[in-house]
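A short worksheet on the structure shown next.
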Amino acid sequence: MATQKLTKNQGVVLEALRESAGPMSAYQILDVESVREKGLKAPLTIYRALDKLVEVGLVHRIETLNAFVSCDQEHHTEPPAFMICEECKRIIEVGTRSIQRTVLKQAEEQGFQVNQMHVEVSGRCRKCAN
Ligand SMILES: [Zn+2]
Ligand SMILES: [Zn+2]
2 MATQKLTKNQ GVVLEALRES AGPMSAYQIL DVESVREKGL KAPLTIYRAL
52 DKLVEVGLVH RIETLNAFVS CDQEHHTEPP AFMICEECKR IIEVGTRSIQ
102 RTVLKQAEEQ GFQVNQMHVE VSGRCRKCAN
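In this note's numbering, each residue's number is its place in the sequence shown (first place is 1) plus 1.
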């Protein structure tokens with residue numbers, strides 16, 4: 002989805018996330034000066050914008066951090082997984098096709114119906130590990 006199809010609020014929130022070095026919660030987004038300057042002052046406004054951005058895939062929700070990151074891929078060829086650096090909070094987006102296939106096969110064997118699957122790995126990025 003093209004950025005120009007976004008509403009003003011969605012654009013403001015997306016920009017704040019793109020300029021951020023790491024993931025941000027809705028309240029952290031609300032604290033960003035450029036967000037406040039553009040008149041976004043209610044958490045609900047931020048949540049609404051985030052919902053839409055997540056829906057169209059421009060932003061991802063990091064479940065284990067309860068925070069959001071802007072997508073750094075042109076488009077997804079497979080569902081994303083996230084490596085979360087515990088030190089610098091950097092998020093590295095990677096593909097999950099083979100993980101997904103393994104889990105779905107296990108689920109099928111168990112007769113388990115999968116609604117959602119999140120793959121999030123925490124640790125230290127290359128820079129912080131050195
Ligand atoms: Zn992505
Ligand atoms: Zn790091």
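No residue lacks a Cβ here, since even glycine has one placed at the ideal position from N, Cα and C. No experiment lies behind these values; they were computed from the predicted model shown.
If you count every other CB in all the chains shown that lies within 10 Å of the CB of residue i, and 16 or more means buried, which is it?
| i | result |
| --- | --- |
| Ser99 | exposed |
| Leu41 | buried |
| Ile85 | buried |
| Pro81 | buried |
| Cys133 | Absent from the model: residue 133. The displayed extent of the chain is 2 to 131, so no value can be given. |
| Leu7 | buried |
| Met2 | With a pLDDT of only 48 at Met2, under 50, the local geometry of the prediction cannot be trusted, and the value read off the model is given with reservation. Flag for Met2 reads exposed. |
I'd like to confirm the pairing. Which residues does DSSP put opposite residue i in its beta bridges?
| i | result |
| --- | --- |
| Gln62 | Per the sequence shown, residue 62 should be read as Arg rather than Gln. DSSP output for Arg62 lists Phe69 as bridge partner(s). |
| Val120 | Its beta-bridge partners do not exist; DSSP assigns none. |
| Cys86 | Gly124 |
So for residue i, helix, strand or coil by DSSP?
| i | result |
| --- | --- |
| Pro81 | strand |
| Gly96 | strand |
| Val115 | coil |
| Leu105 | helix |
| Glu75 | coil |
Pull up the distance between the alpha-carbon of residue i and that of residue j, whole angstroms please.
| i | j | result |
| --- | --- | --- |
| Val60 | Leu15 | 7 Å |
| Val10 | Met25 | It should be pointed out that residue 10 corresponds to Asn in this sequence rather than to Val. Roughly 16 Å separates the two Cα atoms. |
| Arg91 | Cys126 | 8 Å |
| Glu20 | Gln111 | 43 Å |
| Ala17 | Val95 | 22 Å |
| Arg62 | Leu31 | 16 Å |
| Cys89 | Val122 | 14 Å |
| Val70 | Glu34 | 18 Å |
request  = Kindly provide the ranges of any alpha helix (DSSP H) runs that are 4 or more residues long and lie completely inside the segment 9-59, ordered along the chain.
outcome  = Taking only runs of at least 4 residues, the alpha helix (DSSP H) segments lying wholly in the segment 9-59 are 9-20, 27-31, 34-38 and 44-57.
request  = When you get a sec, list the residues whose CB is within less than 6 Å of any heavy atom of ligand 4, chain order please.
outcome  = No copy of ligand 4 occurs in the structure displayed; its ligands are ligand 1 and ligand 2 alone.
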